[in-house]
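Engineer: With our numbering applied, the sequence shown corresponds to residues 5 to 243, in that order.
From the three backbone atoms N, C-alpha and C, an ideal C-beta is built for every residue, glycine too.
For reference, the structure I am asking about is given below.
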Amino acid sequence: MPRFLVIFAVVFAAPGALADGATLSGEVSLAPASQREPAPERNRGFVPRRPNAERPVTAYDPRPYMIVVLEGAAAESGAGGASDIEYPIEGASFTAPIRPVVAGVSFSIANRSQHAPRLYAPGDLDLIPGDPINPGSSRDVTVSTPYQAFDVRDRDTAHIEGRLVAFPHPYFSRVSDAGSFRIEDVPEGRYSLRVWYRNGWLDIDPEPVTVDEAGRITTDIDIPPVLEITSPEESPEAE
C-alpha cells in the first residue's frame, strides 16, 4: 500500500532572532515505486497507450503537485501575505505544475521565456487578461476564491499549462521535487496538517499539530493505495 511519510520539525531561533513565529519544515517520502499508482492520463488520444518494452515508464511522483497546508483558527488569524510572489514561465513551461497563493493578494505571472503567451483560465475567463505577455514582462493576477484550483493555459501553445490554488492564509508550502517543504513565521496555536493534491484535499485524516515551546515534532501520515481527493469546498478547523 502506498505510503507517504511526512516528517516535519518546528524550529525556534534564539530570542529576538525570529519575532514573527516558528519555521516548520520537513520531508514527504514516497512508497516504493512498485506500489505507486500510475500517473493521471491527460489525454488518451486516438490510440491506446502501450508499454515501452525497451524503456519502462518511470514511476509516477505526485509530490510536485502537493501542497502542505496548516488549517485552524491560528492560521485564519494570519490572513494576508507577501505581494512579491511570482509564478514564472521559463523556456516553454511554468517553473512548477501548481502554485499556491493567498486569496485576495496580488501576485505576478512573470514571462522569462522568448515567447509571448496569451494566457487564460478555463474555469474563470476574467481571471487573467487575454492580451500577450511579452518576454521580460509580467502580469498581475489576484485569485479571490480560496480552496479552488484554476488551470492556466496558453491559447496558442498547448504544452504551456500551470495551475493556481488560493488559501485564506499564508501557512502553506509546495512540496519540492525532492520531497521537502518549509513554512515560515508560524504562530503558536493548534492546527490540522493537511495535504492538497492537484484539485482538492487528499482523502486522509487531518493530522493535529500544536506549535508551542516543544522544539521538534515528528509524525507519519498513511494514505490509501489510490490518491483520492475530497471536496475542497469546506476546510475543517483543528480539533
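Label L129 either buried or exposed according to how many other C-beta atoms from any shown protein chain fall within 10 Å of its C-beta, with 16 as the threshold for buried.
Structural biologist: Classification of L129: exposed, given that the 10 Å Cβ count is below 16.
Engineer: Does DSSP put Y151 in a helix, a strand or coil?
Structural biologist: Correct three-state label for Y151: coil.
Engineer: Anyone know if the C-beta pair for L168 and F154 falls short of 8 Å?
Structural biologist: Yes; because the gap between Cβ atoms is below 8 Å, this pair is in contact.
Engineer: Ignore the nearest five residues each way along the sequence and tell me which others in E188's own chain have a CB closer than 6 Å to its CB.
Structural biologist: Within the same chain, E188 has close Cβ partners T27.
Engineer: Would you mind stating whether V145 and I132 have Cβ atoms separated by less than 8 Å?
Structural biologist: In contact: V145 and I132 (Cβ atoms closer than 8 Å).
Engineer: With a threshold of 8 Å on Cβ separation, who are the neighbours of S110 within its own chain once the five nearest residues in sequence on each side are excluded?
Structural biologist: So the list reads S87, D144, V145, T146, once near-sequence residues are dropped.
Engineer: Beta strand (DSSP E) containing D144: first to last residue?
Structural biologist: Counting along the chain, the beta strand (DSSP E) containing D144 begins and ends at 142-145.
Engineer: Do V179 and I71 have their C-beta atoms closer together than 8 Å?
Structural biologist: Closer than 8 Å, so yes.
Engineer: Enumerate in chain order the residues of its own chain whose CB-to-CB distance from Y69 is below 7 Å, with the five nearest sequence positions on each side excluded.
Structural biologist: Within the same chain, Y69 has close Cβ partners P101, I102, Y201, R202.
Engineer: Which word fits P126, buried or exposed, when buried means at least 16 other C-beta atoms lie within 10 angstroms of its C-beta?
Structural biologist: Per the 10 Å Cβ criterion, exposed.
Engineer: Since P121 contacts D158 with CB under 8 Å, what's their CB separation in whole angstroms?
Structural biologist: Contact holds; Cβ gap of about 4 Å.
Engineer: Below 8 Å on the Cβ atoms is my contact criterion, and I expect V32 with G183 to pass it. Report the Cβ-Cβ distance as a whole number of Å.
Structural biologist: Yes, they are in contact, since the Cβ atoms of V32 and G183 sit about 4 Å apart, within 8 Å.
Engineer: What do you reckon, are the CB atoms on P191 and V106 nearer than 8 Å?
Structural biologist: Not closer than 8 Å, so no.
Engineer: If we ignore side chains and look at the alpha-carbon of each, how far apart do E232 and P66 end up?
Structural biologist: Straight-line Cα distance between these residues: approximately 12 Å.
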